[in-house]
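Visitor:
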Amino acid sequence: MSNSQDVLIADLAELAREHRSLADTTTHRLVVCAGSGCIASGALAVHDALVAACRAAGLDVVVSLRREDEHAHRDGAVHVSGSGCQGFCQMGPLVAVEPDGTLYVKVTPGDAGEIVASLRDGTAVERLLYREPRHGQICRRRAEIPFYELQTRRVLAECGRIDPEDVREYIAHGGYAAAWSVWHETGPDEVCARIEAAGLRGRGGGGFPTGRKWRLTLDQPGDHKCVICNGDEGDPGAFMDRSVMEGNPHSVVEGMLIAAHAVGADRGVVYVRAEYPLAVRRMRRAARDAHELGLLGDDVMGTGRPFRLEVMEGAGAFVCGEETALMASIEGHRGMPRPKPPFPSERGLHGLPTVINNVETLAAVPLIVRDGVEEFRRLGTAGSPGTKTFALTGHVANTGLIEVPFGTTLREIVETIGGGVIDDDGRPDADGFKAVQIGGPSGGCLTAEHLDLPLDFDSLGEVGAMVGSGGLVVMNRTTCMVQVARFFMQFTQNESCGKCVLCREGTRQMLGLLDRVIAGEADAATLPLLQRTARAVATASLCGLGKTAPSPVLSTLHHFGDEYAAHVDERRCPAGRCKALAVPEIVAELCRGCTICARKCPVGAITGDKKQPHVIDPDACTRCGVCAEVCKFEAVVGL
Amino acid sequence: MTTTTVSRDGLRETVRGILDDHGRDPGRLIPILQAVQEEYHYLPAPALTTVAAALGVPEARVYGVATFYAHFSLEPKGRHVIRVCDGTACHVRGSRDLLDALRAELSLGEAEQTTPDAMFTLETVSCIGACGLAPAMVVDDQIHGLLTPEAAVAILRDVRDGDEPGEEVPA
Amino acid sequence: MSETPTMMVDGRAIPIAGQRNVLELCREAGIEIPSFCYHSDLSVFGACRLCLVEVEGHGVTTSCTLVPEPGLRIHTSTAEIRDMRKVGVELLLASHDMSCPTCPKGSHCKLQNLARRLGVREVPFPSATPHLPVDRSSDAIEINPNRCVLCGDCVRACQEISGTGVLDFAHRGNRATVSAAFGRSLAETECVGCGQCARVCPTGAIMPRSEVENVWRDLDDPRKTVVVQIAPAVRVAIGEAFGLAAGTVSTGQLTAALRRLGFDQVYDTAFAADLTVVEETEEFTRRLAHDERLPLLTSCCPAWVQCVERFHPGLIDNLSSCRSPQQMFGSLARRLLPERLESSPEDLVVVSIMPCTAKKTEARRPEFAGPEGPDVDHVLTTRELARMIDERGLVFDELAPEPMDLPMGFKTGAGLVFGATGGVTEAVLRHAGAVRSAGGELQGAGDPEPVRTLSVALGDRVLKLAVVHGLARARELMEEIEAGNPDGYDLVEVMACPGGCVGGAGQPPTTHPGACRARARGLAEADRSRQLHTSGANHLVRECYDELLETPGSEAAHDLLHTRYHRRPRPSDELAVVDGPAGA
Ligand SMILES: Cc1cc2nc3c(=O)[nH]c(=O)nc-3n(C[C@H](O)[C@H](O)[C@H](O)COP(=O)(O)O)c2cc1C
Ligand code: SF4
Ligand code: SF4
Ligand code: SF4
Ligand code: SF4
Ligand code: SF4
Ligand code: SF4
Ligand code: SF4
Ligand code: SF4
Ligand code: FES
Ligand code: FES
Ligand code: FES
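Line by line, the protein sequences are chains A, B and C. Mapped onto this note's numbering, the consecutive letters of the first sequence carry residue numbers 1 to 639. Mapped onto this note's numbering, the consecutive letters of the second sequence carry residue numbers 1001 to 1171. Mapped onto this note's numbering, the consecutive letters of the third sequence carry residue numbers 2001 to 2584.
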């Protein structure tokens, strides 16, 4: 086959076969995770060290299975490749050994020799295997690690297995077959019907039925329509979409191709947030490779119909995740949302009917077409079929990117996958669970009473929370919920586009009110005003950013009202986090009764007899901190 | 702030080249500004004026776009840009402590971002997508994760020591 | 016949008759829903969130973005909605420079009125008022950003009506402002002074510049002889400031009021307009005869003149060299009046009352200044005059009408129709004796289209004319003309303001949507009630020629009544980027 640009999809099977035969002749494959996380931890150096070690050990190395390396390939070689994020970045750099599935964690370049040596006898380098911290159990294969045990990886299945920069590898794993069949064999109406039947709901936060969205766009008249992939992923603390774009960019391209056929679009844009340079690069490369193979372009897969795809990098504005703002941004304007209707399906990019879907939504589409509606619905709940990725972070032992069927409970996620709650020093703290913030700055918090709640669109909606983007931040008992609310409010007020009054001014004032609570300056009017403002902002703001900005406040007020009240009425922070409210205490067991503190306290707040434990009068104390400074026995705590 | 030493003619040529690469399409304003910023590490005012004139859009619109997006800077930045993640995951794992430590190391005031010698710019960013490595920061496009304040300061010192003396500060 | 569809507003069935949105529908039904960012002349923005209504089954939404649909049931004033509006206003006030007693917007301010209507008694939030500098660099308008509610009306007016795009939003979130590029002062921008931004601004953030104090000073100075000219559009609008209906012609009261204020002579800009017609017709027929520099572009609107100078320098030579009526009056007054009024030239003060902010800038043009200073010393807007009348304590509508002074108070109906779009063309056609087909009525008709074209016969020639109001639309037409004038226009009249000067930025603020139309009808009525309708019939104008100007187009006339225009530097000139957008 030539390297020309007109390789058509009819050759897909040929490409796949060729690629597999090459793969079959290698003895081992070393997959070095090349996601942003592992790269940050030094994965590229590990990759190079592995290649060097193989060569030093006299092994043939195939650094890539791409065409240009073909001549360098001989039977019995070792294939060293990169992959996308495998979700367990905390343990990175990760190196997987195929075909036996051994997974090494925290690998350094210095470990390369040992890893390569072990290939010959099929043993594992034990010190590089994952050790479960609570039980000390050693896990050799990925599937044995509790973090992965409860997960079902579908959208993320190929991230971590294939080389994201090699379109042929994606094809070899069955890629683009779904798009091919749809473009050649299935009418748009039928495609929409299939997605409707699968019950796929948008993963970008709203959970809107994707099939219905497509049909609305299909029903619009017009020769030119657009498909946009929303890769803006602005929720701080979430990185699902990034991993998909970095780890399996072609699945997104293929999902867009299918969407394009379903609605009759000829133009596509992937809008990627600027903080994700690697995702931008990989998506660009994927689009370019797919154009070169004739999968995209003016004559998609030989059908004579066009679909051109471009990748645009955002410029740093969370609000551009909102669909109308995103389109304004693509058109070269300030990313200010506009009122809907008209919806993008009626008037979208440049006024054309437009489908806009989240990365993960689009990546799920080829799976539905390939494996069928039944298979897709096999996991998840009736109302929320399929799986969902979450970014699990915060005070849990295992943080990372996970994919679980909808309906998995919070407990399973926190305890099994997350390995349980940890304290501030990273030690397991079995009773430490306080809350989980779900859905980031637009979401709310779930508490211990929700631990057995199945996570899906409807159950979460019923308790006033939302799936949102998929950020799950676990918080332990030392977290002050007022500060949590303040953190998110700070974020939204920073990211408000400033267009509408309630959001622009309301977030600023709510932030100010929260600051007063934290500073111990609140009075009886503060919390009612906070609540009143929050309600107005939530109801009357123009776009979802403003409408959801008060959620963290309202939800913490609801679940942790007493914590707020303690701040206001008793000037006390139950978690002991708010510095201005901290009251020093003298630990009787440590106090030797030296009286220094009592003498130095500028307001005479400390009393006690010589050689007897001293006490601080909290009402008199001004929190100056002198006592803690002068005490030689570290008996003063809480400042 | 350091004064710019960009020559007018050079700038015009460069910006025109960028404009031509993008077909002088007003709809590509953001990629154009990104390319200009890539070139100069900030958006010099004359470049924005040139862009507006060539695209036939009001300068006020270009300015409005340039000031809307956090990534655009109308002020020259330091030679090294440190962006400490203050996203949720990093925040709960102590990103504020990193920030305080770096600010102290650089002797930057609360409102200052760039050191007087234009060597470093210190910013916060909400999530760089390395949440699994929280707390994290980006130094000149290189991500560093699982940081402690001490580790962050050490990285900063490495960067400072790694700079060859006498290298010219880019305008 | 099918019944008119209706929707339910607060339990009442209201007919749907093609209204743009539910907000308009409610207004027509007598329910005034609070709004800031909706303006009937502009696109819908949906930012202020005050026009909330509750739609049964759909919750709370904004009425300016809601399209009326049969069967819709809405509530405009539930307890929840009232409280949310109140929160909105309280939030605005918290970041607002609340200086109402000294704010020029005063009782016309929508924010102040809303706070009162909604019963806001205190602002529960701590103040977040910015302290940004006030921009007084422009002669036409001033911007006080500390009073801005970011409704964006000015931004859309500047883009959609004036087409210049000088103002836009900058920054974001609560740092967002409305500003010129790089936060420049207006004087450093391409602002043409049309004042449309000020006209639509609901608060005191953008206001026409005031020259009232300077005028009082000259009136109070016994050495000065202060004469005043009144532009046509003023007389049909000033009554609104005193509770009279829009379009009421109050020339007589206005004259009386000006005399009480201390003006020595009260004249009419329409006299100069008659002169303009004579000169411009001469210029037009001369150009036609030589097929030279057509289409002729009118030049009586200074915002338009600046627009050509800045954005269409290639068409500068198409602009009529005639000065605007204001400036023709100014130069004639300087030449004729010192002697007639026995005043020394330095002590003669010429004031104009204009519907316009751009005239303030025009009066400062160096071309229009003689050795004693500017031909026109002070330009007051209609609003400023109304304020002076108020300040002097005059009861406007009770004043006995008085006639203007001669000779420059004498005019024909043709000079009066200048005040509305189409008026200049109408007057020129009358004077030239062109033959129009039926329906060729240009003035006083209904809501005029932004661009009207017509063909008329003049002698053996058929002429193509275009009448445009609103600069944005005019600029589109200029682009066509620059590209070769495919429609072959011979004369193009442009007025910057919607509806012409009746809709000028210096007119009393109005919430009455038909106000401009009513004012234009007032002018048509004033035209009808004059005895003379063609400028050439103005014998006092003819006297002027006999005494001073010789013949239309003579050298003497050119000296006093014509001018030259200049290309205006643009910020981008320094960079000498001459190649424009792709394909242009
Ligand atoms: C403030 C705001 C931010 C958003 N950010 C994102 C985002 O980063 N990614 C995303 O896919 N959707 C985001 N959305 C939702 C999008 O507007 C849109 O609903 C979504 O992309 C539709 O795709 P889906 O149907 O596949 O979920 C955001 C919405 C709002 C209001
Ligand atoms: S709600 Fe906030 S982000 Fe959305 S349009 Fe209004 S100001 Fe902008
Ligand atoms: S200084 Fe320390 S040890 Fe001494 S009395 Fe105070 S608390 Fe006790
Ligand atoms: S903190 Fe200061 S005021 Fe409080 S007890 Fe200690 S020394 Fe006294
Ligand atoms: S703009 Fe309105 S509310 Fe503000 S000071 Fe002026 S009159 Fe008062
Ligand atoms: S409205 Fe009230 S505050 Fe204002 S001047 Fe009158 S009395 Fe004073
Ligand atoms: S006066 Fe006219 S041109 Fe100037 S800023 Fe206002 S609307 Fe724009
Ligand atoms: S200046 Fe006036 S019109 Fe413009 S945004 Fe501010 S309040 Fe609105
Ligand atoms: S149309 Fe009239 S009021 Fe408006 S700017 Fe022109 S001259 Fe002034
Ligand atoms: S980047 Fe390697 S596991 Fe996430
Ligand atoms: S929150 Fe810091 S990288 Fe995501
Ligand atoms: S008038 Fe409707 S939102 Fe402002």
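Using N, Cα and C, we set each Cβ at its ideal position, and we do this for glycine too.
Would you say C/V2349 and C/K2224 are within 8 Å of each other, going by their C-beta atoms?
Guide: Taking the third sequence and counting its residues from 1, the one referred to as residue 2349 of chain C is at position 349. Taking the third sequence and counting its residues from 1, the one referred to as residue 2224 of chain C is at position 224. Yes, the pair counts as a contact, with Cβ atoms nearer than the cut-off.
Visitor: Going by alpha carbons, who is nearest to C/T2076 out of C/S2343, C/T2534, C/E2122, C/V2022?
Guide: Within the third sequence, the letter at position 76 stands for residue 2076 of chain C. It is C/V2022 whose Cα lies nearest to the Cα of C/T2076.
Visitor: Compare the C-alpha of A/F560 against each of A/T408, A/M481, A/V626 and name the closest.
Guide: To locate residue 560 of chain A, count along the first sequence from 1; it is residue 560. Nearest of A/T408, A/M481, A/V626 to A/F560, Cα basis: A/M481.
Visitor: Would you kindly check if the distance between the Cβ of C/R2383 and the Cβ of C/P2208 is under 8 Å?
Guide: As a position in the third sequence, residue 2208 of chain C is number 208, starting the count at 1. As a position in the third sequence, residue 2383 of chain C is number 383, starting the count at 1. For C/P2208 and C/R2383, yes; Cβs fall inside 8 Å.
Visitor: Give a yes or no on whether the minimum CB-CB distance between B/G1064 and chain C is below 8 Å.
Guide: Translated into the one-based positions of the second sequence, residue 1064 of chain B becomes position 64. It does: the Cβ of B/G1064 has a partner Cβ on chain C nearer than 8 Å.
Visitor: When you compare only the Cα positions, how much space is there between A/P164 and A/E254?
Guide: Numbered from 1 along the first sequence, position 164 holds the residue referred to as residue 164 of chain A. Numbered from 1 along the first sequence, position 254 holds the residue referred to as residue 254 of chain A. C-alpha separation (whole angstroms): 14 Å.
Visitor: Could you tell me which residues DSSP pairs with A/N358 in its beta bridges?
Guide: Here residue 358 of chain A corresponds to residue number 358 of the first sequence, with the count starting at 1. Paired residue(s): A/N230.
Visitor: How far does the alpha helix (DSSP H) with A/P277 in it reach, from first residue to last?
Guide: Taking the first residue of the first sequence as position 1, residue 277 of chain A is located at position 277. From DSSP, the alpha helix (DSSP H) with A/P277 extends over 277-292.
Visitor: If we define contact as Cβ-Cβ less than 8 Å, is C/A2180 a contact residue for chain B?
Guide: Here residue 2180 of chain C refers to the residue found at position 180 when the third sequence is read from its first residue. By this cut-off, C/A2180 is an interface position.
Visitor: Kindly give me the distance between the Cβ atoms of C/H2108 and C/P2509, rounded to whole angstroms, as I take these residues to be in contact under 8 Å.
Guide: As a first step, residue 2108 of chain C is located in the third sequence; it is residue number 108 there, counting from the start. As a first step, residue 2509 of chain C is located in the third sequence; it is residue number 509 there, counting from the start. So it is a contact: roughly 5 Å between Cβ atoms.
Visitor: Going by C-alpha distance, which of A/L257, A/L326, A/R273, A/T324 is nearest A/D298?
Guide: By 1-based counting over the first sequence, the position of residue 298 of chain A is 298. Comparing Cα-Cα distances from A/D298 to each of A/L257, A/L326, A/R273, A/T324, the minimum goes to A/L257.
Visitor: Please check if any C-beta of chain C sits within less than 8 Å of the C-beta of A/G498.
Guide: Locating residue 498 of chain A in the first sequence gives position 498, counting from the first residue. Yes - at least one Cβ of chain C is within 8 Å of the one on A/G498.
Visitor: Check whether the Cβ atoms of A/G395 and A/V474 sit closer than 8 Å, and answer yes or no.
Guide: Residue numbering aside, residue 395 of chain A sits at position 395 when the first sequence is read from its first letter. Residue numbering aside, residue 474 of chain A sits at position 474 when the first sequence is read from its first letter. In the sequence on display, residue 395 of chain A carries His and not Gly. Taking 8 Å as the Cβ cut-off, A/H395 and A/V474 qualify as a contacting pair.
Visitor: According to the Cβ coordinates, are C/P2130 and C/N2146 closer than 8 Å?
Guide: For the purposes of this step, residue 2130 of chain C is taken as the residue at position 130 of the third sequence. For the purposes of this step, residue 2146 of chain C is taken as the residue at position 146 of the third sequence. For C/P2130 and C/N2146, yes; Cβs fall inside 8 Å.
Visitor: If you run the structure through DSSP and keep just helix, strand and coil, what is A/C597?
Guide: As a first step, residue 597 of chain A must be located in the first sequence, where it is residue number 597. Three-state DSSP puts A/C597 in a helix.
Visitor: At a CB-CB cut-off below 8 Å, which residues of chain A make contact with B/P1031?
Guide: Residue 1031 of chain B sits at position 31 when you count from the first residue of the second sequence. Within chain A, the residues near B/P1031 are M312, E313.
Visitor: Does DSSP put A/R267 in a helix, in a strand, or in coil?
Guide: By one-based count along the first sequence, residue 267 of chain A stands at place 267. Reduced to three states, the DSSP call for A/R267 is strand.
Visitor: Leaving out five residues before and five after A/A43 in sequence, what residues of the same chain have Cβ atoms less than 7 Å from its Cβ?
Guide: Position 43 of the first sequence, counting from 1, holds the residue named residue 43 of chain A. Taken in chain order, the residues that qualify are V32, C33, A34, G92, P93.
Visitor: Express the C-alpha separation of A/T399 and A/F641 in angstroms, rounding to a whole number.
Guide: This structure cannot settle anything about residue 641 of chain A, because the visible part of chain A is limited to 1 through 639.
Visitor: Throw me the rounded Cβ distance for the C/P2325 and C/T2357 pair, which I believe falls under 8 Å.
Guide: For this step, residue 2325 of chain C is matched to residue 325 along the third sequence. For this step, residue 2357 of chain C is matched to residue 357 along the third sequence. 16 Å between Cβ atoms; not a contact.
Visitor: Mind checking the region 1119-1139 of chain B against chain A and listing, in chain order, the residues whose C-beta falls within less than 9 Å of any C-beta there?
Guide: Result list: V1125, S1126, C1127, I1128, G1129, A1130, C1131, G1132, L1133, A1134, A1136, V1138.
Visitor: Flag A/C652 as yes if its beta-carbon sits less than 8 Å from any beta-carbon of chain B, otherwise no.
Guide: No statement about residue 652 of chain A is possible, as the shown extent of chain A runs from 1 to 639 and does not include it.
Visitor: Which term fits C/V2435, buried or exposed, when burial requires 16 or more other beta carbons within 10 angstroms of its beta carbon?
Guide: As a position in the third sequence, residue 2435 of chain C is number 435, starting the count at 1. Exposed, because fewer than 16 other Cβ atoms sit within 10 Å of the Cβ of C/V2435.
Visitor: Span of the alpha helix (DSSP H) holding C/D2220?
Guide: The residue you call residue 2220 of chain C lines up with position 220 of the third sequence. Its alpha helix (DSSP H) spans residues 2212-2220.
Visitor: If you measure from the beta carbon of A/A620 to each beta carbon in chain B, is any gap under 8 Å?
Guide: Here residue 620 of chain A corresponds to residue number 620 of the first sequence, with the count starting at 1. For A/A620, the answer is no, since every Cβ of chain B falls outside 8 Å of its Cβ.
Visitor: Can you look up B/E1168 in the DSSP assignment and give me helix, strand or coil?
Guide: As a working mapping, residue 1168 of chain B is identified with position 168 in the second sequence. For B/E1168, the predicted model reports a pLDDT of 42, less than 50, meaning its position is unreliable; a value from the coordinates is still stated below. Reduced to three states, the DSSP call for B/E1168 is coil.
Visitor: Would you say C/L2454 faces chain B, with C-beta separation under 8 Å as the test?
Guide: Mapped onto the third sequence, residue 2454 of chain C falls at position 454. By this cut-off, C/L2454 is not an interface position.
Visitor: Thinking just about the alpha-carbon of each residue, which of A/C159, A/E132, A/A45, A/I368 is nearest to the one in A/G211?
Guide: For this step, residue 211 of chain A is matched to residue 211 along the first sequence. Answer by Cα proximity: A/I368.
Visitor: Exposed or buried, what is A/F640 when buried is set at 16 or more other beta-carbons lying within 10 Å of its beta-carbon?
Guide: In the structure as shown, chain A begins at 1 and stops at 639. Residue 640 of chain A is therefore absent and cannot be evaluated.
Visitor: Using a Cβ-Cβ distance cut-off of 8 Å, determine whether B/A1045 contacts chain C.
Guide: Position 45 of the second sequence, counted from the first residue, corresponds to residue 1045 of chain B. Yes, contact with chain C.
Visitor: Which class does C/M2408 belong to by DSSP, given the choice of helix, strand or coil?
Guide: Sequence index remark: in the third sequence, residue 2408 of chain C carries index 408 (1-based). C/M2408: coil per DSSP, three-state reduction.
Visitor: Could you check the C-alpha separation between A/R131 and B/E1013 for me, to the nearest Å?
Guide: Here the question's residue 131 of chain A lines up with position 131 in the first sequence. Here the question's residue 1013 of chain B lines up with position 13 in the second sequence. Computed Cα separation, rounded: 59 Å.
Visitor: By the three-class DSSP mapping on this structure, what secondary structure does C/N2318 have?
Guide: As a first step, residue 2318 of chain C is located in the third sequence; it is residue number 318 there, counting from the start. C/N2318 falls in the helix class under three-state DSSP.
Visitor: Spatial neighbours of A/A172 within its chain, please: C-beta separation below 6 Å, excluding the five flanking residues on both sides.
Guide: Taking the first residue of the first sequence as position 1, residue 172 of chain A is located at position 172. So the qualifying residues of the chain are A16, H19, R20.
Visitor: Since A/C33 is in the beta strand (DSSP E), which residue starts that stretch and which ends it?
Guide: In the first sequence, counting from the first residue as 1, residue 33 of chain A sits at position 33. Segment 28-33, the beta strand (DSSP E) holding A/C33.
Visitor: Look at C/A2272 and C/F2329 and say whether their C-beta atoms are less than 8 Å apart.
Guide: In the third sequence, residue 2272 of chain C corresponds to position 272, counting from 1. In the third sequence, residue 2329 of chain C corresponds to position 329, counting from 1. Result yes, Cβ atoms of C/A2272 and C/F2329 sit closer than 8 Å.
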